[in-house]
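*Asks:* Okay, handing you the structure first.
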Amino acid sequence: MQRANLIRLVIAAVVLCAVAVSYVYRERASQAPADAQEAEAISNRAAANADDMQQALSDAISQKLVSEEQERMDSPLGQALSRMCTEWTDFHESHPGEETAARRDAACRDLRRWVNDGEMPPGRDGSQPQPISSR
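By the count of this note's numbering, the sequence shown reaches residue 205 at its end, each step adding exactly one.
Given below as structure tokens:
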């Protein structure tokens, strides 16, 4: 969650800088009528560059987040949590009930937390959880 807020803050700062640069160029264009067309062209290029920078930054951040999530999913803990989620889901389908639904939801929630945020599931010390089949 904090990482998402930081990303939003960085993107907002880039957009704010682009708007400020565009405003400065437009302001100068109004003060120098002889160079108004040139200033407008520079302002348009600056705005286009700012948009390109913002898109490139967003793409880079998204790619980094996706690669971190993939690394966590591929880790031994991620694989174990995935197995637990799958096993509880399968078990709940064959033995529906409130208890199996709650355990399925908890196992899959732990997996999502680990993959999305890197948060260790509650009560885990870093050791791999044991799936149903190994109990």
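Using N, Cα and C, we set each Cβ at its ideal position, and we do this for glycine too. Only a predicted model underlies this, so the values are computations on that prediction, with no experimental measurement involved.
Just reading off the alpha helix (DSSP H) that His-165 is part of, what are its end residues?
*Replies:* Element bounds for His-165: n/a, residue is neither H nor E.
*Asks:* What does the Cβ neighbour count give for Asp-180, buried or exposed, with the cut at 16 atoms within 10 Å?
*Replies:* With 16 or more other Cβ atoms within 10 Å, it is buried.
*Asks:* Within its chain, find whatever has a CB closer than 6 Å to the CB of Ala-83; leave out the 5 residues flanking it on each side and keep chain order.
*Replies:* none
*Asks:* Check whether the region 117-129 and the region 84-96 are in contact - that is, three or more C-beta pairs closer than 8 Å.
*Replies:* Yes: the two stretches touch, three or more of their Cβ pairs being nearer than 8 Å.
*Asks:* Quick test of the definition: if touching needs 3 or more C-beta pairs under 8 Å, does the region 177-192 touch the region 133-143?
*Replies:* Put simply, the region 177-192 touches the region 133-143. At least three CB pairs are less than 8 Å apart.
*Asks:* Note down the Cα distance separating Thr-159 from Ser-137, rounded to an integer number of angstroms.
*Replies:* 26 Å
*Asks:* Among Gly-148, Pro-166, Lys-134 and Arg-174, which has the Cα closest to the Cα of Glu-189?
*Replies:* With distances taken between CA atoms, Glu-189 lies nearest to Gly-148 out of Gly-148, Pro-166, Lys-134 and Arg-174.
*Asks:* So, with DSSP's three-state summary, where would you put Ser-92?
*Replies:* helix
*Asks:* Name the residue from Ala-116, Ala-177 and Pro-191 whose alpha carbon lies nearest to the alpha carbon of Asp-94.
*Replies:* For the sequence presented, residue 94 should be read as Val rather than Asp. Answer by Cα proximity: Ala-116.
*Asks:* Based on Cα-Cα distance, which residue from Glu-110, Thr-170 and Ile-81 lies nearest to Gln-125?
*Replies:* Ranking Glu-110, Thr-170 and Ile-81 by Cα distance to Gln-125 puts Ile-81 first.
*Asks:* How long is the line joining the alpha carbons of Ile-112 and Ser-128, rounded to whole angstroms?
*Replies:* 24 Å
*Asks:* Is it true that the CB of His-162 sits closer than 8 Å to the CB of Ala-171?
*Replies:* yes
*Asks:* Ile-77 to Gln-133, Cα distance in whole Å?
*Replies:* 12 Å
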